[in-house]
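Asks: Below is the structure I would like to discuss, written out as structure tokens.
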Amino acid sequence: MTTVGENEVEKTRDIENRLRSSQEKITGLHSNHLRIWNSSPAIVSEYLQAVDEVRRLIETLESYPSKKTWKQRDLLDRAQCTLQIAMTRLQDELVHILAQSKQHFEQEYMFYPTCEENSVYEESVVSNGGDSVQEDMSQRESSSTETEEYVMDLVHPDVIPKIASIANIMFASHYDHEFCQAFVRFWRDELAKHMMILNVEQFSVEDVLKMEWKCLNSRIRKWRRAIKNVVGIYLASEKRLFDQVLGEYGTISSTSLVEASKVSLLCLLNFGHAVAIGPHRPERLYCLLDMYEVLASLISDVESLFPEEAGRSIRIEFHDLLRRLGDSAKAIFMEFGNHIASRASRTPFANGGIHPLTKYVVNYILCLVEYGDTLNLLLAEKDGVNLDMGSNENIGQTTISCPVAVHLQSVTSILEANLDINSNLYINTSLKYIFVMNNIHYMYDKIKNSEVRRYFGDEWIREHIAKYRRHAMSYERFTWNSILSLIRIRDDGKTGKATLKERCRDFSIVFEDVYKIQTAWYVPNLELREELRISISQRLIPAYRNFVGNITNSIGEKYLKYTVHDLESYILDLLDNSQKSLKHPG
Numbered sequence: 001m002t003t004v005g006e007n008e009v010e011k012t013r014d015i016e017n018r019l020r021s022s023q024e025k026i027t028g029l030h031s032n033h034l035r036i037w038n039s040s041p042a043i044v045s046e047y048l049q050a051v052d053e054v055r056r057l058i059e060t061l062e063s064y065p066s067k068k069t070w071k072q073r074d075l076l077d078r079a080q081c082t083l084q085i086a087m088t089r090l091q092d093e094l095v096h097i098l099a100q101s102k103q104h105f106e107q108e109y110m111f112y113p114t115c116e117e118n119s120v121y122e123e124s125v126v127s128n129g130g131d132s133v134q135e136d137m138s139q140r141e142s143s144s145t146e147t148e149e150y151v152m153d154l155v156h157p158d159v160i161p162k163i164a165s166i167a168n169i170m171f172a173s174h175y176d177h178e179f180c181q182a183f184v185r186f187w188r189d190e191l192a193k194h195m196m197i198l199n200v201e202q203f204s205v206e207d208v209l210k211m212e213w214k215c216l217n218s219r220i221r222k223w224r225r226a227i228k229n230v231v232g233i234y235l236a237s238e239k240r241l242f243d244q245v246l247g248e249y250g251t252i253s254s255t256s257l258v259e260a261s262k263v264s265l266l267c268l269l270n271f272g273h274a275v276a277i278g279p280h281r282p283e284r285l286y287c288l289l290d291m292y293e294v295l296a297s298l299i300s301d302v303e304s305l306f307p308e309e310a311g312r313s314i315r316i317e318f319h320d321l322l323r324r325l326g327d328s329a330k331a332i333f334m335e336f337g338n339h340i341a342s343r344a345s346r347t348p349f350a351n352g353g354i355h356p357l358t359k360y361v362v363n364y365i366l367c368l369v370e371y372g373d374t375l376n377l378l379l380a381e382k383d384g385v386n387l388d389m390g391s392n393e394n395i396g397q398t399t400i401s402c403p404v405a406v407h408l409q410s411v412t413s414i415l416e417a418n419l420d421i422n423s424n425l426y427i428n429t430s431l432k433y434i435f436v437m438n439n440i441h442y443m444y445d446k447i448k449n450s451e452v453r454r455y456f457g458d459e460w461i462r463e464h465i466a467k468y469r470r471h472a473m474s475y476e477r478f479t480w481n482s483i484l485s486l487i488r489i490r491d492d493g494k495t496g497k498a499t500l501k502e503r504c505r506d507f508s509i510v511f512e513d514v515y516k517i518q519t520a521w522y523v524p525n526l527e528l529r530e531e532l533r534i535s536i537s538q539r540l541i542p543a544y545r546n547f548v549g550n551i552t553n554s555i556g557e558k559y560l561k562y563t564v565h566d567l568e569s570y571i572l573d574l575l576d577n578s579q580k581s582l583k584h585p586g
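For the sequence shown, the UniProt record's numbering assigns the number 1 to the initial residue and increments by one for each residue that follows.
Dropping the structure here:
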């Protein structure tokens, strides 16, 4: 009959034999195989069984009463040491598998939808008054705020069962922390490398605030591309992998994803915060709106990536940055009118052409049409109005009473007031009218022929047609009425010959003076220039034809310096920015 003590000794001896066998297998496989998972499936299975045997032996030994025999304590120490060695090897095997099987992003994933090559917030658009805005804007992707689902395999699908087998044994052995540590560290480093490929660098707030605009502009482009790529593709792909490997372990998958990504994400978010707190200069509006739209398009992705409590801080950071970008963009937009009002000229603009400020403001407005929905949303939030950004009912049918429309109309009114002030710098009253006419026509013409028209409405268009025509009429009256008075002769035959001769001479002098001055003036719009020339001809030519007839009948045509045909020809030279003189013999 076997005693209790003998039975205990027999169990201990069995554990010792099993432990020795497993130790020999583990040690032998470590020695004979540089990489166990590069060997045959049979070898991998043998290794995992040996490690699992040690794990189970530890559980058995730990289940013994607290007063273990010396032999039992020794076996437990040996088993734990063996398991520790195996776990360290498994960590190494895990990293090797990941490094060997990681997939490189294809080109189309690296440059996943972005419009940064044609961004409308180029310095040239808002500073040099160029007329190429419509072309630039047409290249801005209409779907810039829409995200598509791009998920790729970060590792070859065949190795996921291998990774899972390592996770299973390490979690079962209570080495889940060590597994996650190795797994997270690998993917954290890979994301950092990916960020380098995307040309993302870490900058302090001071660095960003000191950047020249051209450099900052370039960095913002890279930021937009990077955050869209990282959140929309890389982390979506990473989450799928983490769920495939760790999904059965509760929240560990989401916690690990947070740990693997938060350093790189905070680098991106910190740059965004630095841009958001920068000075409220007008040229920054477009980049802030682009950043806002990109971030807004990614919020749902962020919520899906980090739904658990562990990702709460990241979600908060994203929402906080979105709010800051929106507030900064809104402030710049609302302050733009003050910026225009402060731009006073000290000298009149040459030849009465389109003032650079007019081009600047109009181009600025034309660019803003692409951001109308976003701006309406931001301004509505400011005013306490709830607008759904995706609602066609609220935003698709933008009216002239929406927040953006009201503000843009206010901006053009401020510009017109500025133009009136600048027009007073001209000594020549006729040129003053030409200047205001040109600039109002430019504003009207650009707005009429663009999408921004919907923010102004037909009434605004009609008002500004009337305005530029009113200034055109004022120019004609002020310039040509005095000339017409020289060639209007009463038909009663009482005008003396001396007076007629004097009228001929005075007309020639005045017309030559007007010709010399006004050929240098400029009406850049060809259609408007032709309209003015036709109107001048309709005023002057019939009157001059009568004058020629009266002079010919009264004192003879030798006193006439110019024929009707001459005047018709000379009128075609006016307002063409090419000064000319008449040097006909008197």
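A virtual CB, placed ideally from N, CA and C, is assigned to each residue, including glycine.
For the alpha helix (DSSP H) containing ILE365, list its first residue and its last residue.
Replies: Here residue 365 refers to the residue found at position 365 when the sequence shown is read from its first residue. Run containing ILE365: 356–368, per the alpha helix (DSSP H) assignment.
Asks: Less than 8 Å between C-beta atoms, sequence neighbours within five positions excluded: which residues of the same chain meet that for PHE306?
Replies: Residue mapping note: residue 306 aligns to position 306 of the sequence shown, counting from 1. Cβ neighbours of PHE306 beyond the five flanking positions: SER254, LEU257, VAL258, ARG312, ILE314 and ARG315.
Asks: Check whether the stretch 77–91 and the stretch 163–171 touch, using three or more Cβ-Cβ pairs below 8 Å as the test.
Replies: With a cut-off of 8 Å, the stretch 163–171 and the stretch 77–91 count as touching, because enough Cβ pairs lie within range.
Asks: Determine the DSSP secondary structure at TYR234, reduced to helix, strand or coil.
Replies: For the purposes of this step, residue 234 is taken as the residue at position 234 of the sequence shown. If DSSP states are grouped into helix, strand and coil, TYR234 belongs with the helices.
Asks: How would you write the range of the alpha helix (DSSP H) that THR88 sits in, first residue to last?
Replies: Position 88 of the sequence shown, counting from 1, holds the residue named residue 88. It spans 70–101 - the alpha helix (DSSP H) in which THR88 sits, taken as one unbroken run.
Asks: Taking only the alpha-carbon atoms, compute the straight-line gap between LYS11 and TYR175 and give it to the nearest angstrom.
Replies: For this step, residue 11 is matched to residue 11 along the sequence shown. For this step, residue 175 is matched to residue 175 along the sequence shown. For LYS11 and TYR175, the distance between alpha carbons rounds to 27 Å.
Asks: State the DSSP-derived secondary structure class of ASP576, mapped to helix, strand or coil.
Replies: Locating residue 576 in the sequence shown gives position 576, counting from the first residue. If DSSP states are grouped into helix, strand and coil, ASP576 belongs with the strands.
Asks: Check whether the Cβ atoms of ARG533 and LEU560 lie closer than 8 Å to each other.
Replies: Working through the sequence shown from its first residue, we reach residue 533 at position 533. Working through the sequence shown from its first residue, we reach residue 560 at position 560. No, they are not a contact pair.
Asks: Where does TYR475 fall in DSSP's three states?
Replies: Stepping through the sequence shown from its first residue, residue 475 is reached at position 475. Three-state result, TYR475: helix.
Asks: Let me confirm a value: SER264 is counted as buried when at least 16 other C-beta atoms fall within 10 Å, else exposed. Which label applies?
Replies: Reading the sequence shown from its first residue, position 264 is the one you call residue 264. Buried.
Asks: Taking all protein chains shown into account, do 16 or more other C-beta atoms lie within 10 angstroms of the C-beta of SER410, making it buried, or fewer, making it exposed?
Replies: Numbered from 1 along the sequence shown, position 410 holds the residue referred to as residue 410. It is exposed - the Cβ of SER410 has fewer than 16 other Cβ atoms within 10 Å.
Asks: Around the C-beta of CYS215, are 16 or more other C-beta atoms found within 10 angstroms, so that it is buried, or is it exposed?
Replies: Counting from 1 along the sequence shown, the entry for residue 215 is found at position 215. Exposed, since its Cβ has fewer than 16 Cβ neighbours within 10 Å.
Asks: Which residue spans inside the stretch 483–535 form an unbroken alpha helix (DSSP H) run of at least 4?
Replies: If we require 4 residues or more, the alpha helix (DSSP H) runs fully inside the stretch 483–535 come out as 497–518.
Asks: Just to confirm my understanding: we take ASN351, look at its own chain, exclude 5 residues before and 5 after, and list those with CB closer than 7 Å. What are they?
Replies: Locating residue 351 in the sequence shown gives position 351, counting from the first residue. Answer for ASN351: ALA520, TRP521, TYR522 and ASN577, listed in chain order.
Asks: Roughly how many whole angstroms lie between the Cα atoms of ASP36 and LYS102?
Replies: Your numbering for residue 36 matches position 36 in the sequence shown. Your numbering for residue 102 matches position 102 in the sequence shown. The sequence shown places Ile at residue 36, not Asp. Their Cα atoms are separated by approximately 18 Å.
Asks: In its own chain, which residues sit with a C-beta less than 6 Å from the C-beta of GLU416, not counting the 5 before and 5 after it?
Replies: For the purposes of this step, residue 416 is taken as residue 416 along the sequence shown, with counting starting at 1. Hits under 6 Å: none found.
Asks: Could you give the distance in angstroms between the alpha-carbon of ASP506 and the alpha-carbon of TYR426?
Replies: As a first step, residue 506 must be located in the sequence shown, where it is residue number 506. As a first step, residue 426 must be located in the sequence shown, where it is residue number 426. Those two C-alpha atoms are separated by around 25 Å.
Asks: Note down, in chain order, each residue of its chain lying with its Cβ closer than 7 Å to the Cβ of LEU98, except the 5 sequence neighbours on either side.
Replies: Taking the first residue of the sequence shown as 1, we reach residue 98 at position 98. Cβ neighbours of LEU98 beyond the five flanking positions: VAL155 and PHE186.
Asks: Say whether the stretch 442–455 touches the stretch 366–373, bearing in mind that this needs 3 or more beta-carbon pairs closer than 8 Å, one atom from each stretch.
Replies: Yes, the stretch 442–455 is in contact with the stretch 366–373.
Asks: To the nearest angstrom, how far is it from the Cα of ILE365 to the Cα of TYR468?
Replies: For the purposes of this step, residue 365 is identified with residue 365 of the sequence shown, where counting begins at 1. For the purposes of this step, residue 468 is identified with residue 468 of the sequence shown, where counting begins at 1. If you take the alpha carbons of ILE365 and TYR468, they lie about 20 Å apart.
Asks: To the nearest angstrom, report how far apart residue 589 and GLU283 are at their CA atoms.
Replies: For the chain, the structure presents residues 1 to 586; residue 589 sits outside this window and is missing.
Asks: By the 10 Å Cβ neighbour count, where 16 or more other Cβ atoms means buried, how is ASP290 classified, buried or exposed?
Replies: Working through the sequence shown from its first residue, we reach residue 290 at position 290. ASP290 is buried by the Cβ-count criterion.
Asks: Determine whether the beta carbon atoms of TYR455 and ALA380 lie at a separation below 8 Å.
Replies: Locating residue 455 in the sequence shown gives position 455, counting from the first residue. Locating residue 380 in the sequence shown gives position 380, counting from the first residue. It is not a contact, given that the beta carbons lie outside the stated cut-off.
Asks: Since ILE400 contacts GLY457 with CB under 8 Å, what's their CB separation in whole angstroms?
Replies: Taking the first residue of the sequence shown as position 1, residue 400 is located at position 400. Taking the first residue of the sequence shown as position 1, residue 457 is located at position 457. Right, the Cβ-Cβ distance comes to about 4 Å (below 8 Å), so this counts as a contact.
Asks: If we count the other Cβ atoms within 10 Å of its Cβ and call it buried at 16 or more, is MET195 buried or exposed?
Replies: Locating residue 195 in the sequence shown gives position 195, counting from the first residue. MET195 should be labelled buried.
Asks: Are HIS355 and LEU419 touching if we call contact CB-CB under 8 Å?
Replies: Start at 1 with the first residue of the sequence shown, and residue 355 comes out as number 355. Start at 1 with the first residue of the sequence shown, and residue 419 comes out as number 419. Yes. Within cutoff.
Asks: Apply the 10 Å Cβ neighbour rule to MET137 and answer buried if 16 or more other Cβ atoms are within range, or exposed otherwise.
Replies: Along the sequence shown, read from residue 1 onward, the residue named residue 137 stands at position 137. Reliability of the predicted coordinates at MET137 is poor, the pLDDT of 47 falling under 50, and no value is obtained from them.
Asks: Looking at C-alpha atoms only, which residue of SER328, ILE233, ALA79 and ASN7 is the closest neighbour of PHE105?
Replies: If you number the sequence shown from 1, residue 105 lands on position 105. Closest by alpha carbon: ILE233.
Asks: If you draw a straight line from the C-alpha of VAL302 to the C-alpha of GLN80, how long is it?
Replies: Residue numbering aside, residue 302 sits at position 302 when the sequence shown is read from its first letter. Residue numbering aside, residue 80 sits at position 80 when the sequence shown is read from its first letter. About 41 Å.
Asks: Between LEU61 and LEU75, which are expected to be in contact by the criterion C-beta below 8 Å, what is the C-beta distance as a whole number of angstroms?
Replies: Within the sequence shown, the letter at position 61 stands for residue 61. Within the sequence shown, the letter at position 75 stands for residue 75. Their Cβ separation, rounded to whole angstroms, is 6 Å, which keeps LEU61 and LEU75 in contact under 8 Å.
Asks: Mark TRP223 as exposed unless 16 or more other C-beta atoms lie within 10 angstroms of its C-beta, in which case mark it buried.
Replies: Residue numbering aside, residue 223 sits at position 223 when the sequence shown is read from its first letter. When all chains shown are included, TRP223 counts as buried.
Asks: Under 8 Å between the Cβ atoms of VAL486 and VAL510?
Replies: Position 486 of the sequence shown, counted from the first residue, corresponds to residue 486. Position 510 of the sequence shown, counted from the first residue, corresponds to residue 510. Checking the sequence, you will find Leu at residue 486 rather than Val. Yes. Within cutoff.
Asks: Using DSSP with H/G/I as helix, E/B as strand and the rest coil, what is ASN229?
Replies: Counted from its first residue, the sequence shown places residue 229 at position 229. In the structure shown, ASN229 sits in a helix (DSSP, three-state: H, G or I).
Asks: For the candidate residues PRO279, TYR47 and ARG20, whose alpha-carbon lies nearest to that of TYR30?
Replies: In the sequence shown, the residue the question calls residue 30 occupies position 30. Tyr is not the amino acid found at residue 30; the sequence shown has His there. Nearest option by C-alpha distance: TYR47.
Asks: In the DSSP assignment, what are the bridge partners of VAL155?
Replies: What you label residue 155 is simply residue 155 of the sequence shown in a count that begins at 1. According to DSSP, which records beta bridges pairwise, VAL155 is partnered with LYS102.
Asks: Please give the ranges of any alpha helix (DSSP H) in the stretch 387–467, keeping only runs that are unbroken, at least 4 residues long and fully inside the region.
Replies: The qualifying runs are 403–423 and 429–448.
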